[in-house]
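To keep things clear, I will list the structure first and then write my remarks on it.
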Amino acid sequence: MKPRLRGLSHELAFYLALPLGVALVLEADTGRGRAAAAVFAASVAAMFGASGLYHRVDWPDARRLWFRRLDHAGIYALIAGTYTPFGLLVLRGNWRVVVLAIVWSGAAAAIVLKFVWVAAPKWLSAATGIGLGWVGVVVFPQLLSRVGIAGSMLVLAGGLGYTAGALVYVFRRPDPVPAVFGYHELFHALVIVAVGFQYAAVAFFVLPKH
Numbered sequence: 004m005k006p007r008l009r010g011l012s013h014e015l016a017f018y019l020a021l022p023l024g025v026a027l028v029l030e031a032d033t034g035r036g037r038a039a040a041a042v043f044a045a046s047v048a049a050m051f052g053a054s055g056l057y058h059r060v061d062w063p064d065a066r067r068l069w070f071r072r073l074d075h076a077g078i079y080a081l082i083a084g085t086y087t088p089f090g091l092l093v094l095r096g097n098w099r100v101v102v103l104a105i106v107w108s109g110a111a112a113a114i115v116l117k118f119v120w121v122a123a124p125k126w127l128s129a130a131t132g133i134g135l136g137w138v139g140v141v142v143f144p145q146l147l148s149r150v151g152i153a154g155s156m157l158v159l160a161g162g163l164g165y166t167a168g169a170l171v172y173v174f175r176r177p178d179p180v181p182a183v184f185g186y187h188e189l190f191h192a193l194v195i196v197a198v199g200f201q202y203a204a205v206a207f208f209v210l211p212k213h
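Sequential numbering from 4 applies to the sequence shown in this note's numbering.
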């Protein structure tokens with residue numbers, strides 16, 4: 004039996020992500036800014052939507068596997084989508100192309116792998132996500148100089164939130180109230196918090212300055 008709250012947080016987050024995504028796009032005052040914000044907002048909504056749809060419905064086995072693929076694909080799409088505003092608006096020189104190429108190609112490869120090998124071990128999925136998520140550490144000094152300490156700390160906090168969530172997902176601990184709010188619900192909650200940090204970084208420190 005799934006915990007009673009399985010998927011509820013991501014379903015609610017999806018509904019919240021829609022107006023917040025529109026607001027983010029409207030905040031941008033350049034074509035590049037609007038495109039970057041739209042990609043980020045779409046990736047957030049897609050991830051929460053796929054997760055909520057997969058976890059909230061008791062699908063027949065055949066359909067459940069397809070929605071599981073979409074759920075996992077949404078995670079990698081979110082990683083690439085989150086990098087897009089920083090790559091397009093913050094990074095300069097060759098780093099812009101290098102980082103975006105690595106992250107988007109890596110995310111695409113991970114999505115293909117998930118569709119082919121839906122039962123891949125949790126540790127492999129987590130390691131892939133963490134690895135892609137922390138690619139940006141190599142350009143952290145540039146990020147710091149462009150968006151300042153506060154913006155950089157929001158980005159870092161988001162990365163730590165995702166990493167903590169991935170570890171909870173792999174080790175299935177802590178598992179607070181298994182019948183209601185278990186380890187997977189905690190994982191989902193950490194993802195929401197991490198998205199919130201990254202959204203704040205884009206809204207308050209990336210779009211207004213670039």
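Even glycine gets a Cβ: it sits at the ideal position worked out from N, Cα and C. The model shown is predicted, which means the values in this text are computed figures rather than measured ones.
{"Item": "Residues of its chain near T131, where Cβ-Cβ distance is below 6 Å and the 5 sequence neighbours each way are ignored", "Value": "A113"}
{"Item": "beta-carbon G168 near the ligand NAP non-hydrogen atom, thresh 7 Å", "Value": "What this structure holds is no ligand at all, so the ligand NAP is not there to describe."}
{"Item": "For V115, the three-state DSSP class (helix, strand or coil)", "Value": "helix"}
{"Item": "Three-state secondary structure assigned by DSSP to V141", "Value": "helix"}
{"Item": "C-beta atoms of I82 and V115 nearer than 8 Å", "Value": "no"}
{"Item": "For V180, the residue or residues it bridges with in DSSP", "Value": "F184"}
{"Item": "Straight-line Cα distance separating M50 from Y18", "Value": "12 Å"}
{"Item": "Inter-residue spacing [alpha-carbon to alpha-carbon] between A111 and L103", "Value": "12 Å"}
{"Item": "Buried versus exposed, by CB contacts within 10 Å (16 or more), G136", "Value": "buried"}
{"Item": "Three-pair Cβ contact test at 8 Å for the region 19 to 27 versus the region 59 to 73", "Value": "no"}
{"Item": "Local conformation of A123 per DSSP, three classes", "Value": "coil"}
{"Item": "Whole-angstrom distance between F207 and A153, CA atom to CA atom", "Value": "10 Å"}
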